[in-house]
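These protein sequence lines are chains Z and S, in that order.
Note that this note's numbering numbers the first sequence so that position 187 is 187, with each residue one more than the last.
To convert, take the position in the second sequence, counting from 1, and add 1000; that gives this note's numbering.
We put the beta carbon where it would ideally sit given N, CA and C, even for glycine.
Some notes on the structure that comes next.
2 protein chains.
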Amino acid sequence: MDNLNLDLAIRHNRTARATLTLSHNGVPLANQDMRIEQKKHKFLFGSTWGESTIAMANGDLSGKAQEQAELRNEHYLQLFNLATMPFYWGRFEPVRGMPQTQRILNAARWYQDHGCRVKGHPLCWHTLTANWLLEMSSREILEAQVGRINREVSDFTGVIDTWDVVNEAVIMPIFDKYDNGITRLCKEMGRIHLIRTMFETARAANPGITLLLNDFDVSPAYDILIEGCLEAGIQIDVIGIQTHMHQGYWGVEKTRRVLERFERFHLPIHFTETNIISGELMPLEIVDLNDYQVTEWPSTPAGEERQAREVILHFKTLLAHPAVEAISWWDFVDNGWLHAPAGLLREDCSPKPAYDALLKLVKGEWWLPQTKMTTDENGRLSFTGFMGTYELSIGNQKIPFSLDQKGEVALHLNL
Amino acid sequence: MDNLNLDLAIRHNRTARATLTLSHNGVPLANQDMRIEQKKHKFLFGSTWGESTIAMANGDLSGKAQEQAELRNEHYLQLFNLATMPFYWGRFEPVRGMPQTQRILNAARWYQDHGCRVKGHPLCWHTLTANWLLEMSSREILEAQVGRINREVSDFTGVIDTWDVVNEAVIMPIFDKYDNGITRLCKEMGRIHLIRTMFETARAANPGITLLLNDFDVSPAYDILIEGCLEAGIQIDVIGIQTHMHQGYWGVEKTRRVLERFERFHLPIHFTETNIISGELMPLEIVDLNDYQVTEWPSTPAGEERQAREVILHFKTLLAHPAVEAISWWDFVDNGWLHAPAGLLREDCSPKPAYDALLKLVKGEWWLPQTKMTTDENGRLSFTGFMGTYELSIGNQKIPFSLDQKGEVALHLNL
Chain Z
1 MDNLNLDLAI RHNRTARATL TLSHNGVPLA NQDMRIEQKK HKFLFGSTWG
51 ESTIAMANGD LSGKAQEQAE LRNEHYLQLF NLATMPFYWG RFEPVRGMPQ
101 TQRILNAARW YQDHGCRVKG HPLCWHTLTA NWLLEMSSRE ILEAQVGRIN
151 REVSDFTGVI DTWDVVNEAV IMPIFDKYDN GITRLCKEMG RIHLIRTMFE
201 TARAANPGIT LLLNDFDVSP AYDILIEGCL EAGIQIDVIG IQTHMHQGYW
251 GVEKTRRVLE RFERFHLPIH FTETNIISGE LMPLEIVDLN DYQVTEWPST
301 PAGEERQARE VILHFKTLLA HPAVEAISWW DFVDNGWLHA PAGLLREDCS
351 PKPAYDALLK LVKGEWWLPQ TKMTTDENGR LSFTGFMGTY ELSIGNQKIP
401 FSLDQKGEVA LHLNL
Chain S
1001 MDNLNLDLAI RHNRTARATL TLSHNGVPLA NQDMRIEQKK HKFLFGSTWG
1051 ESTIAMANGD LSGKAQEQAE LRNEHYLQLF NLATMPFYWG RFEPVRGMPQ
1101 TQRILNAARW YQDHGCRVKG HPLCWHTLTA NWLLEMSSRE ILEAQVGRIN
1151 REVSDFTGVI DTWDVVNEAV IMPIFDKYDN GITRLCKEMG RIHLIRTMFE
1201 TARAANPGIT LLLNDFDVSP AYDILIEGCL EAGIQIDVIG IQTHMHQGYW
1251 GVEKTRRVLE RFERFHLPIH FTETNIISGE LMPLEIVDLN DYQVTEWPST
1301 PAGEERQARE VILHFKTLLA HPAVEAISWW DFVDNGWLHA PAGLLREDCS
1351 PKPAYDALLK LVKGEWWLPQ TKMTTDENGR LSFTGFMGTY ELSIGNQKIP
1401 FSLDQKGEVA LHLNL
């Protein structure tokens, strides 16, 4: 699929052809001038928390550090409407009974107050889980895990209503790098029974919630796991797919093959952890990315140009597919996970070409800036816009509306 | 696990310590001489049909061909108590409505009459399926597939009561070598829904049946598929695992890792399609074994010695694990599938060292030949034997009995 066809598919799948009929006390507002402006995308463009933002939201920063955090946030809010918050059990509750709830809640609220939907990641994962589980029996681990989900989901209700519930279940029971409580639990319960327990616990704590299963495995194993869960009656709301492309961009064909594998479930798909790096690629012989240990991994000018091209192609490929509803970038700023040049910003928070190019799409080509329009003699006007929320202004009066569906949409606004 | 430990585990898992108490009209038969002889193994040692045996059972052979078939069968029945019969749809029913039922039934009965349990392979598989499905809608393919299972299972009841129901479901919907009706059907139904339909159809046609899911994929994908089926309430009686080791013997460690992956379901495991070849190994870069096209693939003396060592180690590894209940060799004679030197017999039906070594175990080390024993003053005697059926003879009187469970077994025989 070439660029032109991608753009056509994006137009087809992401835009509404809106016809607004304006009236005042039942009388059409004929030949009325106004301004219409997009306020937000329906599509979720997101990234990760940022340790500096958590510190800032908790009043821990000052001086240069505060300035850097503000710079990051400025770039963040220009581009994104989604933020992933960290709930790695071992870090969230390093000492049993002393969770970092307030600290993460402050940061999550900051993102929410600044127009972002907030997602929690993850509620159940074998990596970075609490070490103190190792002293427990399987039954006690299960009780602690269920209690933990119940606590977090309840404590964050209204701020975080979207969760990566179980992370990397495909390898969870066979993970053998080190002993941990969750692998033990999954080995004993089986993947599907574990997933059912965690999903049902989360939903019971907050029935209006959106729950993801998330994995980096895009082989038939994950496909079959999802099928098994659905056949067993487990309500998965969204399929989460990780794409840490430290070893090279997948390309359009592989991305489309993966989409074909998962579209058959007729569930929304979120690309939850996306990276294309702007430095030297990680060697292909590395199987577990965590095994690649370097202290420095620079971003290069040539790498940044390549990254920009690939990022645009990847975002376009995903937006061209109707099942995809979110793309989250993993590590907005360089020198995060693995010290990789994986950010859209450099370590000094200056935007890379990929950031600029993406912004040109998200807030340019795919965006309706404030635009003057006039109704016809019947009080009608038409325009095409990307799905999302909009604001119509006549003088000082502002009327919010939203375009939630693609294709022809007729709206009646009574002023 | 070394050889000694394997032998100990085999003794532990496969033998019974039997105490027989003999009486006549309620009176213990004290100090009575008798002979005890093993007649059959409970463990299933098997192989495939043999085109020559099908031809022979249908009276098609004469002269040298008949002699060769008889030679094969003689070696077969010395070693095996299980036979797999072919039900590849495209060959079994090349013209719709004209199945080869009688021909296969004659051969299956021949094996049954000669003491073998008979298994049908497979009822639903995308490879070698009927070409005439391609002209049908998915609904018609499903009707034909269900009708086919119902027909075969019914027609063979009492002769074949064990079936590989669905073969290679992991790749079934993504198989892309050529278009075929079953891949289309699986893509539409999903793997688990298809498996459910085929298993339920087979069981409805013959409720007392033993049904296998069979796959060459031993990755987490198959493990997860089985879990998904079981969580969905599908009754799988036996897990079938293929091991076509044309690219080299797995070794004990890999075999044990695979067993660990599948033992958690607490279901019997059959190694349904086992090959270790006695010639040059197939290059590792071949992914689908069917892609390796050679016209000649000789068995070599060095290869035959290696094969013998590996066959013995493989059989011992499997018998040492309590979940394994059957091992079927694939192609008893060389120059079958892929022209490979995969047989235990050479093309002229002469036994290779692997055959001789295996026979020494199955009918030697693991076997109780006719043995003279004497009861004590209470009419009791004890012996240790591999699980299976036995015959006790006193004079001309013959009493059959069986050892069905490992460990201590007490039997009372009233003569």
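Given residue i as reference, the closest of the options once Cα atoms are compared
i: Z:I224; options: S:T1300, S:R1203, S:M1189, S:G1248; result: S:M1189
i: S:F1080; options: S:Q1112, S:Q1100, S:E1365, S:G1046; result: S:G1046
i: S:S1023; options: S:I1394, S:V1333, S:P1351, S:V1409; result: S:I1394
i: Z:R96; options: Z:H75, Z:W110, Z:T129; result: Z:T129
i: Z:A232; options: Z:L267, Z:Q242, Z:H193, Z:Q370; result: Z:H193
i: Z:Q32; options: Z:N378, Z:P99, Z:D404; result: Z:N378
i: S:A1320; options: S:I1236, S:F1386, S:A1144, S:A1354; result: S:F1386
i: Z:H12; options: Z:K316, Z:C349, Z:L413; result: Z:K316
i: Z:E280; options: Z:V287, Z:Y292, Z:I269, Z:D288; result: Z:Y292
i: S:D1155; options: S:S1138, S:T1255, S:P1351, S:Q1100; result: S:Q1100
i: S:Q1405; options: S:G1388, S:H1412, S:L1415; result: S:G1388
i: Z:E74; options: Z:L345, Z:A354, Z:W367; result: Z:L345
i: Z:L359; options: Z:A308, Z:L413, Z:A342; result: Z:A308
i: Z:F265; options: Z:C229, Z:S138, Z:W297, Z:I36; result: Z:C229
i: S:M1373; options: S:N1058, S:L1077, S:T1295, S:T1019; result: S:T1019
i: S:L1004; options: S:G1407, S:P1322, S:L1313, S:N1414; result: S:L1313
i: S:S1350; options: S:R1014, S:Y1076, S:W1049, S:M1034; result: S:Y1076
i: Z:A342; options: Z:A221, Z:P298, Z:I327, Z:A323; result: Z:P298
Extent of the continuous beta strand (DSSP E) run through residue i
i: S:H1212; result: The sequence as given places Leu at residue 1212 of chain S; His does not occur at that position. S:L1212 -> beta strand (DSSP E) spans 1210-1215.
i: S:M1085; result: 1082-1086
i: S:P1400; result: 1397-1403
i: Z:H24; result: 15-24
i: S:G1240; result: 1238-1245
i: Z:V409; result: 407-414
i: Z:L338; result: Element bounds for Z:L338: n/a, residue is neither H nor E.
i: S:D1334; result: Segment: none, S:D1334 is in no beta strand (DSSP E) and carries neither H nor E.
Terminal residues of the alpha helix (DSSP H) in which residue i lies
i: Z:P419; result: Absent from the structure is residue 419 of chain Z, since the part of chain Z shown begins at 1 and ends at 415.
i: S:D1113; result: 1101-1113
i: S:H1193; result: 1191-1205
i: Z:Y435; result: Because residue 435 of chain Z is not part of the residues shown, which for chain Z are 1 to 415, the question remains open.
i: Z:K254; result: 252-263
i: S:K1360; result: 1353-1360
i: S:G1090; result: 1089-1092
i: S:V1218; result: S:V1218 -> no alpha helix (DSSP H), and no H or E assigned at all.
i: S:R1148; result: 1138-1155
i: Z:I54; result: 51-57
Beta-carbon separation (whole angstroms), residue i vs residue j, contact threshold 8 Å
i: Z:E347; j: Z:V333; result: 6 Å
i: S:V1146; j: S:T1197; result: 7 Å
i: Z:W125; j: Z:E168; result: 6 Å
i: S:I1195; j: S:V1166; result: 5 Å
i: S:F1199; j: S:Q1235; result: 7 Å
i: Z:Y390; j: Z:K42; result: About 11 Å separates the two Cβ atoms, so there is no contact after all.
i: S:A1205; j: S:I1149; result: 7 Å
i: Z:I277; j: Z:G251; result: The pair is not a contact, with the Cβ atoms about 15 Å apart (cut-off 8 Å).
i: Z:W330; j: Z:H244; result: 6 Å
i: S:R1017; j: S:T1384; result: 5 Å
i: S:L1368; j: S:I1036; result: 7 Å
i: Z:M98; j: Z:L392; result: In fact, because the Cβ distance is near 49 Å, the residues do not count as touching under 8 Å.
Beta carbon proximity, residue i to chain C, threshold 9 Å
i: Z:H266; result: Judged by its chain identifiers, the structure shown contains no chain C, and its protein chains are Z and S.
Contact test: residue i Cβ vs the ligand NAP heavy atom, cutoff 8 Å
i: S:T1272; result: Looking at this structure, you won't find the ligand NAP or any other ligand, since it has none at all.
Given 8 Å, three or more beta-carbon pairs between the segment 397-407 of chain Z and the segment 45-54 of chain Z: no
Using a beta-carbon distance cut-off of less than 7 Å, what residues from the segment 1212-1243 of chain S approach chain Z? S1219, P1220, A1221, I1224, L1225, E1227, G1228, E1231, A1232
At a cut of 8 Å, does the segment 1175-1189 of chain S reach the segment 1123-1143 of chain S through at least three beta carbon pairs? yes
Indicate whether the contact test is met: 3 or more Cβ pairs, each with one atom in the segment 78-95 of chain Z and one in the segment 118-129 of chain Z, closer than 8 Å. yes
Cβ-based contacts, 8 Å cut-off: residues of the segment 166-191 of chain Z near chain S: V170, I171, I174, K187, G190, R191
Okay, do the segment 1057-1066 of chain S and the segment 1332-1342 of chain S touch, 3+ Cβ pairs below 8 Å being the bar? no
Is the segment 234-243 of chain Z touching the segment 261-274 of chain Z in the sense that three or more CB pairs, one from each, lie closer than 8 Å? yes
Is the number of C-beta pairs between the segment 16-30 of chain Z and the segment 366-380 of chain Z that are closer than 8 Å three or more? yes
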